[in-house]
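Residue numbers (this note's numbering), protein chains in the order written: chain A, 1 to 375; chain B, 376 to 789.
Below, the structure written as structure tokens:
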């Protein structure tokens with residue numbers, strides 16, 4: 001059994017960590033947090049130069065052609081560094097949708113631009129409150145144009161193109177939904193930035209008014225494609241969450257070692273130690289579930305739907321748990337703007353609901369386990 | 376990343392599988408498969424007798440105590456081969472329960488500290504199941520604080536005279552030998568005055584009394600020592616070095632990788648899939664699904680954590696500290712699952728008879744047994760300390776008794 005990343009993949013993780021430590025220190029994250037930039041453009045360019053944006057994109061489309069295991073280790077580091085760039089929208093959602101369902105022309109047009117950092121992509125799925133569901137999609141498509149409103153759209157305000165889930169039928173079935181590719185710079189879309197709990201990662205409302213769009217995949221197959229894209233993104237996002245969990249745990253551990261109260265390091269009190277031990281437990285469970293998700297993703301295994309849901313749930317729980325208890329270990333200082341704890345807390349709770357909330361994925365996991373048991 | 380055996384591993388697995396096919400005591404298969412939680416019981420036969428026969432057969436085939444050297448009754452196998460064997464032994468591994476403490480803890484301690492003569496005399500008989508060993512560490516005054524033990528050993532000529540009491544000794548009533556830690560010097564700080572021995576459990580002055588547990592069962596014992604004589608050559612390690620010797624024993628306890636701990640999840644998933652409530656199947660209720668999903672990812676998290684450890688073994692590396700989370704996660708899970716299953720049964724959840732309810736009393740038994748899972752082999756709190764100190768590198772507790780002579784340490788709270 002070799003249920004681990006290869007030495008080459010670990011070297012790639014180390015390279016990504018080193019690169020991000022240098023190019024994406026907390027100071028850089030704060031530039032976006034404080035509203036001085038919409039995203040870190042220099043970092044985005046650097047990620048492209050390192051080949052990280054196209055790591056899982058085949059060489060024929062301008063990528064490095066490495067694979068999804070390589071992308072997983074980079075995702076972990078992006079989460080660890082809280083990188084304030086549209087990586088998840090562009091790479092986990094847009095690139096994956098193109099790879100899964102794009103025509104050759106669509107791939108030729110957009111994938112090289114993703115790999116080179118020239119184009120930012122995203123997925124416009126949600127229409128207000130609620131989790132992914134075909135019934136919730138009202139935005140309509142007719143005669144090659146879209147009309148309706150999508151929100152929240154991750155990185156919608158800075159994206160160059162988006163995949164849009166639209167209603168093309170009214171039978172009440174999944175086949176009512178089709179996917180479209182929209183060039184957001186071509187006109188017909190109104191963009192409004194939305195306030196959200198994690199300003200290091202923007203959210204937007206996109207209003208489509210008879211906006212020109214081209215189909216992605218066959219008509220009526222949108223929901224099937226979306227489900228697969230969400231599963232793939234769930235694994236990758238889970239690696240970001242695990243990276244964030246680990247960093248929050250380290251921050252808490254380091255503070256507990258340095259901070260003296262009652263004449264000794266607070267890390268010598270069992271009340272504090274046990275909080276940190278529990279953080280380690282949740283981060284470890286999440287990491288192991290993520291490895292299984294990575295295996296399923298990279299081999300396109302039939303277990304992917306179940307593995308993706310498990311990774312997503314476990315990593316969401318771990319990041320929420322670690323980021324809130326990191327603040328707790330820091331005490332009052334953890335609740336200041338100056339300390340970085342809140343940036344992890346914000347990211348943890350924002351990523352917990354993007355791609356669908358915890359309860360959505362819990363529901364999915366049980367459905368998928370039942371299906372497997374019935375089969 | 377893959378789940379495949381290396382060619383050598385595959386060859387070893389096929390060897391083990393062939394031997395199992397020819398030799399496994401298949402008539403117990405159904406009964407062993409059913410009993411997933413707690414101690415194993417067989418309907419018509421004593422587990423110790425059946426276990427001894429199985430262990431003997433394994434030893435004859437070269438499949439007992441695999442990782443021990445051949446001259447002591449083992450196979451000289453690598454850690455990964457041991458894991459593969461466990462996988463192939465499958466449910467029949469439950470038959471080896473009476474030998475686990477001997478194989479995992481007592482044997483390795485004798486191997487590290489015993490004389491060559493003792494090793495050649497005792498270890499092969501332990502490996503072949505002829506002798507069962509128990510571990511006499513815990514005391515009424517020394518549970519988590521093992522070094523606080525009070526059983527005395529006093530030198531008399533070439534012998535030691537033992538007086539005191541041990542508790543929570545699994546299998547003492549059917550054991551032939553025991554690994555015993557004692558206090559030989561109460562005038563020095565507690566860790567420094569300990570000495571390790573092994574003894575014949577049939578020695579004069581050894582009395583084994585079963586403990587009736589909170590769940591009504593009797594699985595552990597108290598062992599009393601009254602003027603028990605142990606010859607000095609049965610001492611393991613130097614006089615006063617018993618604490619270091621015991622660390623070898625306990626380290627081996629924690630190395631049990633690949634042995635899957637029960638979490639209660641498969642039972643709970645099946646229960647919820649079939650339980651009809653007023654609102655339909657329990658598993659269709661969002662509240663139930665949410666809880667099930669959280670337990671599902673804990674169970675899968677543990678499974679894949681052990682796969683990561685197995686992968687390290689396969690590469691010839693030492694597994695990382697991840698495996699220390701197993702008992703901490705599964706103990707609480709068992710308790711929570713039992714409580715929730717009963718909640719779903721409503722008032723009938725209190726009924727514990729095997730024929731009363733759909734789940735045949737299994738969750739009620741789980742409820743009553745699960746407190747011990749959070750205590751035995753290291754309490755949840757001790758495990759958290761271990762993770763915090765050895766994995767995260769946090770400072771050890773301030774120990775007020777560290778430099779105090781043992782006989783000056785207070786023995787009463789108030």
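Yeah, the Cβ is synthetic: ideal placement off N, Cα and C, and Gly gets one too.
Values in this document were obtained by computation on a predicted structure and should not be read as measured data.
Please check if any C-beta of chain A sits within less than 8 Å of the C-beta of residue i.
i	result
residue 389 (chain B)	no
residue 682 (chain B)	yes
residue 386 (chain B)	no
residue 766 (chain B)	yes
residue 697 (chain B)	yes
residue 667 (chain B)	yes
residue 558 (chain B)	no
residue 679 (chain B)	yes
residue 717 (chain B)	no
State yes or no: is the beta carbon of residue i nearer than 8 Å to at least one beta carbon in chain B?
i	result
residue 362 (chain A)	yes
residue 267 (chain A)	yes
residue 227 (chain A)	no
residue 284 (chain A)	yes
residue 100 (chain A)	no
residue 43 (chain A)	no
residue 273 (chain A)	yes
residue 276 (chain A)	yes
residue 326 (chain A)	no
residue 208 (chain A)	no
residue 71 (chain A)	no
For residue i, is the classification buried or exposed, using 16 other Cβ atoms within 10 angstroms of its Cβ as the cut-off for buried?
i	result
residue 225 (chain A)	buried
residue 110 (chain A)	buried
residue 504 (chain B)	buried
residue 702 (chain B)	buried
residue 723 (chain B)	exposed
residue 210 (chain A)	exposed
residue 231 (chain A)	buried
residue 340 (chain A)	buried
residue 317 (chain A)	buried
residue 313 (chain A)	buried
residue 171 (chain A)	exposed
residue 40 (chain A)	buried
residue 229 (chain A)	buried
residue 469 (chain B)	buried
residue 427 (chain B)	buried
residue 342 (chain A)	buried
Does chain C have any CB closer than 8 Å to the CB of residue i?
i	result
residue 281 (chain A)	In the structure shown, chain C does not exist; the protein chains are A and B.
Would you call the CB atoms of residue i and residue j closer than 8 Å?
i	j	result
residue 366 (chain A)	residue 725 (chain B)	no
residue 144 (chain A)	residue 179 (chain A)	no
residue 755 (chain B)	residue 706 (chain B)	yes
residue 47 (chain A)	residue 114 (chain A)	no
residue 67 (chain A)	residue 116 (chain A)	no
residue 591 (chain B)	residue 286 (chain A)	no
residue 765 (chain B)	residue 694 (chain B)	no
May I have the straight-line CA-CA distance separating residue i from residue j, to the nearest angstrom?
i	j	result
residue 586 (chain B)	residue 594 (chain B)	7 Å
residue 135 (chain A)	residue 160 (chain A)	27 Å
residue 74 (chain A)	residue 6 (chain A)	14 Å
residue 152 (chain A)	residue 105 (chain A)	28 Å
residue 323 (chain A)	residue 344 (chain A)	6 Å
residue 678 (chain B)	residue 638 (chain B)	11 Å
residue 21 (chain A)	residue 445 (chain B)	51 Å
residue 518 (chain B)	residue 493 (chain B)	29 Å
residue 176 (chain A)	residue 168 (chain A)	5 Å
residue 530 (chain B)	residue 625 (chain B)	26 Å
residue 543 (chain B)	residue 335 (chain A)	46 Å
residue 155 (chain A)	residue 121 (chain A)	8 Å
residue 359 (chain A)	residue 321 (chain A)	16 Å
For residue i, verify whether its CB is less than 7 Å away from any heavy atom of the ligand GTP.
i	result
residue 437 (chain B)	Because no ligand of any kind appears in the structure shown, any question about the ligand GTP cannot be addressed here.
Which runs of the beta strand (DSSP E) at least 3 residues long sit entirely within the segment 525–552 of chain B? Give them in chain order. Counting only runs of 3 or more, we get 527–531, 534–545.
Counting only runs that start and end within the segment 446–489 of chain B, where is the alpha helix (DSSP H) found for 4 or more residues in a row? List check, alpha helix (DSSP H) in window: 454–464, 482–488.
Which runs of the alpha helix (DSSP H) fall wholly inside the segment 20–61 of chain A and span at least 4 residues, in chain order? Contiguous alpha helix (DSSP H) elements confined to the segment 20–61 of chain A occur at 26–33, 41–49, taking only those with 4 or more residues.
Taking only runs that begin and end inside the segment 134–174 of chain A, name each unbroken beta strand (DSSP E) of 3 or more residues, in chain order. Here the runs fully enclosed are 140–142, 145–154, 161–167.
Can you give, in chain order, each stretch of the alpha helix (DSSP H) that sits fully within the segment 272–359 of chain A and has at least 4 residues? Listed in chain order, they are 304–330, 341–351.
Which runs of the beta strand (DSSP E) at least 3 residues long sit entirely within the segment 565–631 of chain B? Give them in chain order. Taking only runs of at least 3 residues, the beta strand (DSSP E) segments lying wholly in the segment 565–631 of chain B are 569–575, 581–585, 595–606.
Kindly provide the ranges of any alpha helix (DSSP H) runs that are 4 or more residues long and lie completely inside the segment 401–447 of chain B, ordered along the chain. Within the segment 401–447 of chain B, complete alpha helix (DSSP H) segments of at least 4 residues are found at 404–409, 422–436, given in chain order.
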